[in-house]
Every structure is written in C-alpha cells, then in structure tokens.
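Take a look at the structure below.
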Amino acid sequence: MKISGAKIVVETLIEQGIDTVFGYPGGQVLSLFDELYQCSDRINHILTAHEQGAAHAADGYARATGKVGVCIATSGPGATNLVTGIATAYLDSIPMVAITGNVPTSIIGRDSFQEVDIVGVTMPITKHNFIVKDIRELADTLRSAFKIAKSGRPGPVLVDIPKDVQVAQWDFEPKKDPVRPYPLKFASELKLKQAAEMIKASKRPYIYFGGGIISGKASAEIIELAEKISAPIGCTLMGLSAIPKDDPRFLGMNGMHGQFASSIALDEADLVVALGARFSDRATGDKKRFNKNFSIIHIDIDSAELDKNITSDLTIQGDIKDSLYRLLPMLEKTERPDWDKRIAELREEELRRLESAYVSKKDFEKKCENCTKPCSMTGIPAENRLDPYAIIDIISEKAGENDIIVTDVGQHQMWTAQRYPFKKPRTFLTSGGLGTMGYGMGAAIGAATTGKRSILFTGDGSFGMNLNELATAAVQNTPLVVVIMNNGVLGMVRQWQTLFFNKHYSNTTLNRPTDFVKLAEAFGVKASRAFTAEELEKAAAEAFSENRPYLIDCAVDCNEFVLPMLPPGGSIDDIITEIK
Amino acid sequence: MQNNQYVIGAIVSNISGVLSRVSGMFTRRGFNIDCLTVGETESAEFSRITVVFHGDEDIKDKIIKQLEKLHDVKEVEVLDPQETVIRELLLIKVRNTPQTRQDIMTAVEIFRSKIVDYSPTALVCELTGETSKINAFIDLMKPYGIMEMCRTGIVAIERGDNCLTTER
Numbered sequence: 036m037k038i039s040g041a042k043i044v045v046e047t048l049i050e051q052g053i054d055t056v057f058g059y060p061g062g063q064v065l066s067l068f069d070e071l072y073q074c075s076d077r078i079n080h081i082l083t084a085h086e087q088g089a090a091h092a093a094d095g096y097a098r099a100t101g102k103v104g105v106c107i108a109t110s111g112p113g114a115t116n117l118v119t120g121i122a123t124a125y126l127d128s129i130p131m132v133a134i135t136g137n138v139p140t141s142i143i144g145r146d147s148f149q150e151v152d153i154v155g156v157t158m159p160i161t162k163h164n165f166i167v168k169d170i171r172e173l174a175d176t177l178r179s180a181f182k183i184a185k186s187g188r189p190g191p192v193l194v195d196i197p198k199d200v201q202v203a204q205w206d207f208e209p210k211k212d213p214v215r216p217y218p219l220k221f222a223s224e225l226k227l228k229q230a231a232e233m234i235k236a237s238k239r240p241y242i243y244f245g246g247g248i249i250s251g252k253a254s255a256e257i258i259e260l261a262e263k264i265s266a267p268i269g270c271t272l273m274g275l276s277a278i279p280k281d282d283p284r285f286l287g288m289n290g291m292h293g294q295f296a297s298s299i300a301l302d303e304a305d306l307v308v309a310l311g312a313r314f315s316d317r318a319t320g321d322k323k324r325f326n327k328n329f330s331i332i333h334i335d336i337d338s339a340e341l342d343k344n345i346t347s348d349l350t351i352q353g354d355i356k357d358s359l360y361r362l363l364p365m366l367e368k369t370e371r372p373d374w375d376k377r378i379a380e381l382r383e384e385e386l387r388r389l390e391s392a393y394v395s396k397k398d399f400e401k402k403c404e405n406c407t408k409p410c411s412m413t414g415i416p417a418e419n420r421l422d423p424y425a426i427i428d429i430i431s432e433k434a435g436e437n438d439i440i441v442t443d444v445g446q447h448q449m450w451t452a453q454r455y456p457f458k459k460p461r462t463f464l465t466s467g468g469l470g471t472m473g474y475g476m477g478a479a480i481g482a483a484t485t486g487k488r489s490i491l492f493t494g495d496g497s498f499g500m501n502l503n504e505l506a507t508a509a510v511q512n513t514p515l516v517v518v519i520m521n522n523g524v525l526g527m528v529r530q531w532q533t534l535f536f537n538k539h540y541s542n543t544t545l546n547r548p549t550d551f552v553k554l555a556e557a558f559g560v561k562a563s564r565a566f567t568a569e570e571l572e573k574a575a576a577e578a579f580s581e582n583r584p585y586l587i588d589c590a591v592d593c594n595e596f597v598l599p600m601l602p603p604g605g606s607i608d609d610i611i612t613e614i615k
Numbered sequence: 005m006q007n008n009q010y011v012i013g014a015i016v017s018n019i020s021g022v023l024s025r026v027s028g029m030f031t032r033r034g035f036n037i038d039c040l041t042v043g044e045t046e047s048a049e050f051s052r053i054t055v056v057f058h059g060d061e062d063i064k065d066k067i068i069k070q071l072e073k074l075h076d077v078k079e080v081e082v083l084d085p086q087e088t089v090i091r092e093l094l095l096i097k098v099r100n101t102p103q104t105r106q107d108i109m110t111a112v113e114i115f116r117s118k119i120v121d122y123s124p125t126a127l128v129c130e131l132t133g134e135t136s137k138i139n140a141f142i143d144l145m146k147p148y149g150i151m152e153m154c155r156t157g158i159v160a161i162e163r164g165d166n167c168l169t170t171e172r
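If you're matching them up, the sequences are chains A and B in order. For any residue, its number in my numbering is found by taking its place in the first sequence, counting from 1, and adding 35. For any residue, its number in my numbering is found by taking its place in the second sequence, counting from 1, and adding 4.
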C-alpha cells in the first residue's frame, strides 16, 4: 500500500523502536507533524521551547537509556538551532538521529524562504548525514541512519527530508525488528596476549577509562580487571558513573580538574591501561609531559583514536567488553602491596588536603571586589554560607541511586564530577567534549521522560542560556530538580581570569537582578531559595517530595574555585591545589 | 613523487556530496592536500578518488584511519610508488610565433606531447606523464610564453593484478 513520505518517517521510527521524539514544528515539517498527530497513541512527541532544547533532550534521553535519541526540526532556523545539540552529541559519541524538513527539491538552491543546506552545515559534526531526494529511498535511508548512529563508536546522524518527499506516496513494508548495528570489531588475540604480558611485567599498573566503558557496557569487567591485577582506577569526565564512586579501587576523575590522588597516582604509575578514552587535551594537559613516566596500552573501538592524541606503546582496536572478557583469563591474580600502600597514602593525603582547604576557606572572610550579589548581599557570614560540595552532599543524600544527574558547563559541573557519589552507569549526563553551556535543561528533560527523576546542577550563567526550557518542564510535569549554584558570576571563566589574567574580570560579573525563584514561578514551576545548609535541606526535602519540576536557587560565593587544577597546556608538575 | 609524499587511492560511493566529505575531512583535521582527483570506475556505484599529500608516516596513518571512518569511503589504500603507474594530463597553450614555432615543435616531439590545436597565434599541446615530466615540459615552455594551462592532477593504478576492491 502506498503511504505518504511523512507517514513513512513515523512508521519507520516506530519500527525502529522509538516511542519518544523531541522537536518543534514549522513550515517544512507540517506533513510530518500531521502524521505525529495521527499516530500520537504510538509515538510521543515532546514539544520543547527551542530546537536546541530538543536536540539536547534527545541527547539526554540517549545517554540515560542507551537508545538512539530522535529530534525533529523544520528547515532553516529550525535546523540550525539543532546544530549545537548535534555537535554536543558528536563530541561525546552519543547515538542520535536528527530529522529536518527542507524546502521542496524543486526550489532547493535558490535561497528559498527558510532554506539552509543543513547537510553541508552538519557534515563536520555528524557521523554521517543524508538528504533524501527520492521517496523510494526514504525508509531505507532512515534505517541506515539508525544503523550508523548505533554502530561501533556511536554518534549523531542527520536526515534532511524536503517537503515534497514528505508529501509523495510510496510503498512501505515495516520490518519486523529495528536495524542491528554493524558487526563488532574484535581485538586481535596476539595483541591481547601482548597486553597481558605488559600488565604482568608492570609494578604499578593504573586503569584509566572513558565514556567508551558506558557505551560498551564494560563496567563489571573494569572492576574485575582492577581486582585481578591490583590496580587503582581513574577515569575521564565522560567515564563517570560507569563504576560506583565508592568502589575501593576507584580514585575518581583525572584531567584538568581531576582529583588529587587520582592524578598523582596516574603519574606515578608505570603502565596505564586506557580503555574507551581518547586522551583529549583537557584530560592530558601537556602531551609531551603526560606519559613521561608510564607506558600505555590503549584499547578503543575506534581505530582513529589510537595514536591520535597520544602515541601508545600498544594499541588495540576492538569492542571493549569483549576485549576485557578475553584479556581477563590471560592474567593471574596478582598482589601489589607496595602500590596498594602508596595509593592508600595518596588517598589520605587527598583527604587531608580537602580538610585543610575547607578550614582555611571557613576562616577566610571573602571580599567581593566587583559584584554585590549574592555573597555580600546576603549578609551571611562565611562559615554559614553554602559550600559547593555541601550543596552536592545535601542533594545526593536525598536522591535515589537511579536518579539521573545532569550538569551544565562550568564550575558546578566540575564540582559535581568530583563530588557526586554516582552508583550506576548512565546516571551522569554532561557535555564533556563540546562543553556546551545550556546543555542541562534540555538533557534533564530528555532524561526525565524515561520515568526517572533527573537532577540538574547548573550555574546562573549556564542556566541563563536555555532557561526557556522551564516551560517544557512545566508542561511535562515530570520529576526534575534544578539546583542553581548561583554565584553571580561566570565562575569558571572568572577562575581563569583570577589565575591567568590578573583578576581582570572582563564580562564575567553578571550582577543581574534576575530572581530565579520568581522566574520559575512565572513558568509554572515551584521554587525556593537557599542561602544556608539548613535552608537547602528544607528546600531539597520539598523538592524531592514533589513528583514534578522544582527549582532551588542556591547562593554560592563567587570566590569559590574548582581545585585541584592543572593549568591549560600544563601538567601534573604544575598542579594548583590552592588559590591565595 | 617527492620523498615525503604519499598517494592514496580510495573507492567511494558514487553519490553527491562525497567529494565534500573527503576534502572536508582534510581541511577539518588540518591535513594538507597536494592534489585530489575523482572520476568514474568500472562500476556505476562507485567513484575513485586519488589524493596526494605530504607528511610523515604518522600523518599518513591518521589520514587513512580518518578516511576509513567516512561512511561513503569503501576502500582506502596507500599506493607504493614503485608498484604504481602514476599519470597526469597537461593542456598548455603557448604563444605561436614564426621565431619560436620550430623549437616548440621539437620539444613536443621529444616529450611525446601532441599539438591538439593550432592557430596563427597560439598552440595547444597535450602531454601525459608523471608529474616530474609535466613539470619539466612546463619549465621548457616558459620562455615561449605560456598563455594558459591546466593539469588534471594525478591518477594512479597499481601494477600487476593488485586491485582496489570494494569488498569491505
């Protein structure tokens, strides 16, 4: 039977197991939205406030579930509004299919109303993209898009569908099952044996993993490997939540704001087993210094990542779960008491440093030179003010282990990454590679559509970028707790200005009179403000008792810093652990 | 071929946009292209791209791996210059004067070039060969007055029965 292209799109989405899509209607997707209307009992479309929110929501949905996220936008501005969201997904290897409408094929290339060559625009930020000019190819192109998005190292794929193709009629026969990914790549046996030999010969091995462990579902294998070879574990920002924070061998995050013990132990290791990580500049700092003291075994599904940023001593392309599954029996249980002892010392040292930093902070009455809010405005003495870690602790005590933690980008993101006690994979959603301020609201909404509660830690800067999505949250009415760490400044940039630009706080002092509580209420979202731990306890108790969105505006001192810090392009030798 | 130059042959899907994808990858990742040609193959489904670039072994490996990641790139191979026939075509228009005509004709003969258009004021010569031969011929023509020229960039194919196949 012949059906319209628009119907083919919706039927193919359903065939691919998609039950939720995020989007925004417009002139060139009217037919598609008409079909979504008619099929609303089989597929749920969530209308966001802005297409960027839809792209982030599809991304958040994908990160939280492991499924492919789908977003839909009209041509021209609708399509370009997706761009930041697509790039965010691309840099973090998130499976996504973005569908855009376009002007009819007959007027493509004439600068028609709302015409943009979105395939050209998104070529560098998608795994692949398509424009479908022939109705006969529509269903199979969409299937290919899903196949590409979820195969190997996942990523976003865009399918641009001109209006006339949506209107044209063609035969459609639904497939029984969603498309399967391309066959996995398996590591070479010889190379795994070499890896085993290197691990056996090592005195101080260190396991270093990235986001590939989450997409490759290899959490259990990592823990087993660490146990078997008595190695500490560190991870990149993208790896967080893959293994429980309280795992006895887990030291936390590495990189620019990596935790002290984790970073020092990495540098003292003689062998780093890098799994599903890509050695980004934020993770390694100075590439010449990074691996001065250790050899590297690098295993990744994407061969292009091997020797791309850091040259390793052994590179293995292969599925990470399978690689570890086959590597484990090649290794014997090995005790490394000296290394264990050293790691324990580093952990103690880290605690001591945290403690003393905390004390010195409390003793130090901070002065704000350039801004008046919120720290001095509140008139609250330093010892009663909300500490960023305390905010995270109070929230995490109320949160369940299945709740999904989302962040925006900046200081609050790093504090959350350092502090939050993640328990399960896919419970931490953050824009790692692209560092997209404004990612959080959309992503948190996308994650909350799965039925789980999402908790967004954001800053007043990041929140300001996409706060219009409060409207979406209010309509969806799903449990979503927004925690704004409001310090009245663009804290991360300000931190750099403090350290590297002679405290020239150029355009980072917001000092805006925005009242986030009133703002949330105007959107129809309950909200309250917290200046002290007691107030936050109270607000959090209320927020978590609600099964709908709730915003808490927390006052944070603008002189709080994210530490430790490796200066950009610097190394572990330059680690900054306090700012005077 | 210069010392640090590599020639890559790639079989790609014969659909619109492929050339942008391939050349875009080079730009985006900061790799330099010395020369790129694209054309039909024995199969209507595929085109063949020949890329020449310079760099070290490490750059070469990175380029190959990034090319292999492109969905429309079906097969990529670095061609060993010793085992490969490399050719380029030149069309060059030289000023035709009674004083220079004979010298040009002699050069054309020695280089096994061909005069493909003749007018009282201009000659168009066609020359096929390796890049070094083309360069030498152009140098030789310079004193006679080159009015315009264009060259195709190189195409390359392996000797013997080695083939770039599309079976992935």
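Glycine included, every Cβ here is placed at the ideal spot set by N, Cα and C.
Partner residues on chain B for residue i, Cβ-Cβ distance less than 7 angstroms
{"i": "Ala-339 of chain A", "result": "Lys-69, Gln-70, Lys-73"}
{"i": "Asp-127 of chain A", "result": "Simply none; closest approach about 17 angstroms."}
Separation of residue j from residue i, as counted between CA atoms
{"i": "Ile-355 of chain A", "j": "His-333 of chain A", "result": "11 angstroms"}
{"i": "Thr-55 of chain A", "j": "Thr-156 of chain B", "result": "51 angstroms"}
{"i": "Asn-582 of chain A", "j": "Asn-18 of chain B", "result": "53 angstroms"}
{"i": "Thr-407 of chain A", "j": "Ala-590 of chain A", "result": "Because Thr-407 of chain A sits at a pLDDT of 46, beneath the cut-off of 50, its placement in the model cannot be relied upon, and the following sentence gives the value as read from the coordinates. Cα to Cα, Thr-407 of chain A sits roughly 12 angstroms from Ala-590 of chain A."}
{"i": "Ala-41 of chain A", "j": "Thr-513 of chain A", "result": "29 angstroms"}
{"i": "Thr-271 of chain A", "j": "Ala-379 of chain A", "result": "21 angstroms"}
{"i": "Ser-66 of chain A", "j": "Val-202 of chain A", "result": "7 angstroms"}
{"i": "Lys-228 of chain A", "j": "Asp-337 of chain A", "result": "20 angstroms"}
{"i": "Ala-508 of chain A", "j": "Leu-515 of chain A", "result": "8 angstroms"}
{"i": "Met-500 of chain A", "j": "Trp-374 of chain A", "result": "46 angstroms"}
{"i": "Thr-471 of chain A", "j": "Val-444 of chain A", "result": "6 angstroms"}
{"i": "Lys-402 of chain A", "j": "Glu-70 of chain A", "result": "Residue confidence is low: Lys-402 of chain A scores 47 on pLDDT, short of 50, so the model does not pin down where it sits. No coordinate-derived value is stated."}
{"i": "Val-22 of chain B", "j": "Leu-126 of chain A", "result": "22 angstroms"}
{"i": "Ala-296 of chain A", "j": "Ser-47 of chain B", "result": "59 angstroms"}
{"i": "Phe-57 of chain B", "j": "His-163 of chain A", "result": "24 angstroms"}
{"i": "Met-233 of chain A", "j": "Ile-249 of chain A", "result": "25 angstroms"}
{"i": "Ile-440 of chain A", "j": "Val-524 of chain A", "result": "23 angstroms"}
{"i": "Ile-610 of chain A", "j": "Arg-317 of chain A", "result": "13 angstroms"}
{"i": "Pro-409 of chain A", "j": "Leu-491 of chain A", "result": "Unreliable positioning characterises Pro-409 of chain A in this predicted model, as indicated by a pLDDT of 48, which lies under 50. A coordinate reading is not provided."}
{"i": "Val-82 of chain B", "j": "Ile-12 of chain B", "result": "4 angstroms"}
Closer than 8 angstroms at the beta carbon, the chain B residues around residue i
{"i": "Pro-159 of chain A", "result": "Gly-28, Arg-32"}
{"i": "Ile-154 of chain A", "result": "Rather than Ile, the amino acid found at residue 154 of chain A in this sequence is Val. Within 8 angstroms Cβ-Cβ: Gly-21."}
Terminal residues of the beta strand (DSSP E) in which residue i lies
{"i": "Lys-37 of chain A", "result": "37-39"}
{"i": "Phe-244 of chain A", "result": "240-244"}
{"i": "Ala-578 of chain A", "result": "That residue, Ala-578 of chain A, is in no beta strand (DSSP E); its alpha helix (DSSP H) goes 568-580."}
{"i": "Lys-78 of chain B", "result": "77-83"}
{"i": "Arg-564 of chain A", "result": "561-565"}
{"i": "Met-151 of chain B", "result": "150-155"}
{"i": "Ala-231 of chain A", "result": "Counting along the chain, Ala-231 of chain A falls outside any beta strand (DSSP E), though it belongs to the alpha helix (DSSP H) covering 224-236."}
{"i": "His-163 of chain A", "result": "163-166"}
Opposing strand residues paired with residue i [DSSP bridges]
{"i": "Gln-9 of chain B", "result": "B:His-58"}
{"i": "Ser-330 of chain A", "result": "A:Leu-306"}
{"i": "Ala-126 of chain B", "result": "B:Arg-99"}
{"i": "His-80 of chain A", "result": "A:Val-56"}
{"i": "Val-516 of chain A", "result": "A:Ile-490, A:Tyr-585"}
{"i": "Ala-503 of chain A", "result": "Looking at the sequence itself, residue 503 of chain A is Asn, so the reference to Ala does not match. Bridge partners of Asn-503 of chain A: none, in fact."}
Chain-ordered neighbours of residue i on chain A, where CB pairs are closer than 8 angstroms
{"i": "Arg-99 of chain B", "result": "Within chain A, no residue comes near Arg-99 of chain B; the closest Cβ sits about 41 angstroms away, beyond 8 angstroms."}
{"i": "Ser-24 of chain B", "result": "Gly-155, Met-158"}
Chain A residues whose Cβ lies nearer than 7 angstroms to that of residue i
{"i": "Lys-66 of chain B", "result": "Lys-343"}
Unbroken alpha helix (DSSP H) run spanning residue i, endpoints
{"i": "Met-500 of chain A", "result": "495-500"}
{"i": "Pro-423 of chain A", "result": "423-433"}
{"i": "Gln-530 of chain A", "result": "526-535"}
{"i": "Met-29 of chain B", "result": "22-32"}
{"i": "Pro-181 of chain A", "result": "Reading the sequence as shown, one finds Phe at residue 181 of chain A and not Pro. Element bounds for Phe-181 of chain A: 173-185."}
Beta-carbon neighbours of residue i, restricted to chain B and to distances below 9 angstroms
{"i": "His-163 of chain A", "result": "Arg-25, Leu-74, His-75, Asp-76"}
Inset, instruction - Please name the residues in the region 178-197 of chain A whose beta-carbon is closer than 8 angstroms to at least one beta-carbon of chain B, in chain order. - result: Ile-183
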